[in-house]
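Residue numbers (numbering that gives the first Met the number 0): 0 to 162.
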Amino acid sequence: MEFVGPQVELVSTLALGLAVLALGWLLLWRLRARSFAVRTPADAAFTAVLLFTVTSRVISPQYVVWLVGLAAVCLVFRGTAMTLPAVLVLVAAGVTLLEFPVGFAHVVASDAWGVTLLVVRNGLLVAASLIAARRLWRSTVPGRPGAQAVPGTVEGQPSRVAR
0 MEFVGPQVEL VSTLALGLAV LALGWLLLWR LRARSFAVRT PADAAFTAVL LFTVTSRVIS
60 PQYVVWLVGL AAVCLVFRGT AMTLPAVLVL VAAGVTLLEF PVGFAHVVAS DAWGVTLLVV
120 RNGLLVAASL IAARRLWRST VPGRPGAQAV PGTVEGQPSR VAR
């Protein structure tokens, strides 16, 4: 499906710019992160895919399936900071089922129901990505006064207790 209209090119350019900003943030996070737990790679992958999904020009239903799978991987780890983002993604998956295939005619017609489904689904994904990014940063990047290291890590490696 392709959307046409006077603002499509502007929105497309903004989406590309946001994707570049997301990539820049991920690079900055990786350069600044110092405390790594066993769950950090899963949390980072989930956050990265969330960021690139919400900055994509198109959010296809299969993208949400990928996010549900990554959310499940994050939830395998005790103490993951990704519980709330994972729940938001799961709710977004439910809304996506209403969008496609159930309400796809409404989305194509751009009527109130179709637009509402897209706004709710996209809003849930944006909230999940912002929360995930903040939690990933706070769990791995030192430097805030009063910040605590990730429990179970010593200089970026799992402690003997965590192993």
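We put the CB at the ideal spot given by N, CA and C, even for glycine.
Skipping 5 residues on each side, what residues in its chain have a beta carbon closer than 6 Å to that of residue 153?
Because the pLDDT at residue 153 is just 42, under 50, the model does not fix this residue reliably, and the value given afterwards should be weighed accordingly. Contacts found: none.
When the distance is taken between beta carbons, is residue 33 closer than 8 Å to residue 139?
yes
So for residue 53, helix, strand or coil by DSSP?
helix
In angstroms, rounded to a whole number, what distance separates the CA positions of residue 19 and residue 125?
16 Å
Does DSSP classify residue 15 as helix, strand or coil?
helix
Helix, strand or coil: which one does DSSP assign to residue 42?
helix
Would the region 37 to 50 and the region 75 to 83 be scored as touching if the rule is three or more Cβ pairs under 8 Å?
yes
Go ahead and pull the three-state DSSP assignment for residue 165.
Absent from the model: residue 165. The displayed extent of the chain is 0 to 162, so no value can be given.
What is the rounded straight-line gap between the Cα of residue 36 and the Cα of residue 141?
14 Å
N-terminal and C-terminal residue of the alpha helix (DSSP H) that residue 60 is part of
60 to 74
What is the rounded straight-line gap between the Cα of residue 71 and the Cα of residue 45?
10 Å
When the Cα of residue 88 is compared with those of 28, 5, 121, which residue comes out closest?
121
The alpha helix (DSSP H) with residue 133 in it runs from where to where?
111 to 139
Throw me the rounded Cβ distance for the residue 65 and residue 136 pair, which I believe falls under 8 Å.
22 Å between Cβ atoms; not a contact.
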